[in-house]
Amino acid sequence: MDLSFFKDVHDVHVWAICSHYKSLTAHVLIDEKDIPAMQDILQKINTILRDKFGIRHSTIQLETVGYPKDALLCDTKHER
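Written out as structure tokens, the structure is:
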């Protein structure tokens with residue numbers, strides 16, 4: 002399986018919902034040129050997770066090279 006789209010992974014969390022059901026969340030770094038293939042990339046990742054690791058539920062966040070890792074952090078001040 003071609004994994005040339007894969008550049009890096011971070012913020013990975015894996016846990017068992019029950020003894021036979023594993024879940025995963027992760028941020029996967031790809032090149033901007035691979036944005037049109039995002040659905041195919043997600044399908045490949047989910048196939049690998051299922052076939053190699055038995056992970057049947059995942060939430061994958063795709064990010065592009067150069068995207069600041071803290072871009073989604075909220076710096077809004079909250080009032081009570």
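Residue 2 is where the sequence shown starts when you use our numbering, and the numbers rise one by one after that.
All C-beta atoms in this analysis are idealised placements derived from N, C-alpha and C, irrespective of residue type, glycine included.
What you are looking at is a predicted structure, and each value in this text was computed from that prediction instead of being measured.
DSSP state of residue i mapped onto helix, strand, coil
i, result
"Lys8", "coil"
Residue closest to residue i, alpha-carbon to alpha-carbon, out of the options
i, options, result
"Asn47", "Cys19, Lys23, Ile18", "Lys23"
"Met39", "Val10, Ser59, Leu63", "Leu63"
"Gly67", "Val29, Val15, Val13, Asp41", "Val29"
"Val10", "His21, Pro37, Leu25, Ser20", "Leu25"
"Phe6", "Asp35, Leu50, Ile49", "Asp35"
Whole-number beta carbon distance between residue j and residue i, since they are thought to touch under 8 Å
i, j, result
"Lys8", "Ile31", "6 Å"
"Ile61", "Ala17", "Not quite, the Cβ-Cβ distance comes to about 18 Å (not below 8 Å), so this is no contact."
Residue environment, residue i, which counts as buried when at least 16 other CB atoms sit within 10 Å
i, result
"Glu33", "exposed"
"Leu4", "exposed"
"Ile42", "buried"
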